[in-house]
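For the sequence shown, this note's numbering begins at 639 and goes up steadily by one.
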Amino acid sequence: MNSFDLQDKVAVITGGAGVLGGTMADSLAKAGVKVAILGRTARKVNDKVNELREAGGQAMALVANVLDQQELEAACRQLEAEWGALHILINAAGGNVPEATIGPDMHPFDLPIEAFDRVNSLNLQGTVLPTLVFGPLMAKTQNASIINISSMASFQAITRVVAYSTGKAGIDAFTRWMAVELARRHGNQIRVNAVAPGFFIADQNRRLLLQEDGSLTQRGKTIIDNTPMGRFGEAEELCGIIHWLSSEASSFVTGAVIPVDGGFSAFSGV
């Protein structure tokens, strides 16, 4: 038996219509996984589902806000009614907002607390709540895997993005806590891990890292200078770790926060 085999597994990907989540969805669907795309914007979710189906994959649309428990519960009922099980939950919903980013002319004390709360809720609560709602369905199967999306911003201080950083740091703590609790109750039946991407170009950070002509901003140049591989990551480069954590090949791995960062977190800057 191939321990990496994912054929006919069922996955829910929150934020699965985004750049990173959507690439994970493409990769899992090609591996034979039934992929449910969960997001709050029906048009984006349905467009992604149609794209997966046109490529030969099995896909389902789950329109729900990751911060709305009733909508998530309805989505879970829909999933169970149609596909009967859930093996993989990828909590890829998250991000930042411009109002929570410390501008060049701002002092950190000027951070709007409303924006800070909004970003923390989206990242931390937007990971916790889907886990609590979909977790009981996963507990009915064997070898289930919850994969949270962390960030380099949780490993060390990344200037200007304090709200995003604290939200992602909360995800790391929640990942370890939930991994321990579920392992003590369910053994290796449900594993919980996180992937911490380095710097990948996505909608939320494009303007911070790239000029309109595609050249690097000063911030983008600083990041590249501190990434030993000397480049940004490609979304497809997250798929290998997602496949491994989704499969039985990682059956003794839980509570890990794994960087995929081109060496950024290992580099001292010297």
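Cβ atoms here follow ideal geometry from the backbone N, Cα and C, with glycine treated the same way.
- About 6 Å separates the Cβ atoms of residue 760 and residue 733, confirming a contact at the 8 Å cut-off.
- For residue 826, the CB contacts under 6 Å within the same chain, skipping 5 residues up- and downstream, are 889 in chain order.
- Residue state for residue 736 is assigned as helix, using DSSP reduced to three classes.
- Rounded to whole angstroms, the gap between the alpha carbons of residue 867 and residue 747 is 35 Å.
- DSSP, read as helix, strand or coil, puts residue 778 in coil.
- DSSP places residue 800 in the helix class (H, G or I) of the three-state scheme.
- Residue 892: not part of any alpha helix (DSSP H); DSSP gives it neither H nor E.
- DSSP, reduced to helix, strand and coil, places residue 870 outside both helices and strands of the structure shown, so it counts as coil.
- Across the structure, residue 898 and residue 803 are spaced so that their CA atoms are roughly 17 Å apart.
- Where residue 757 is concerned, the enclosing alpha helix (DSSP H) starts and stops at 751-758.
- The DSSP-derived three-state label of residue 884 is helix.
- For residue 688, the enclosing alpha helix (DSSP H) has its first and last residue at 680-692.
- For residue 861, there is no enclosing beta strand (DSSP E); the residue is found in the alpha helix (DSSP H) stretching over 856-863.
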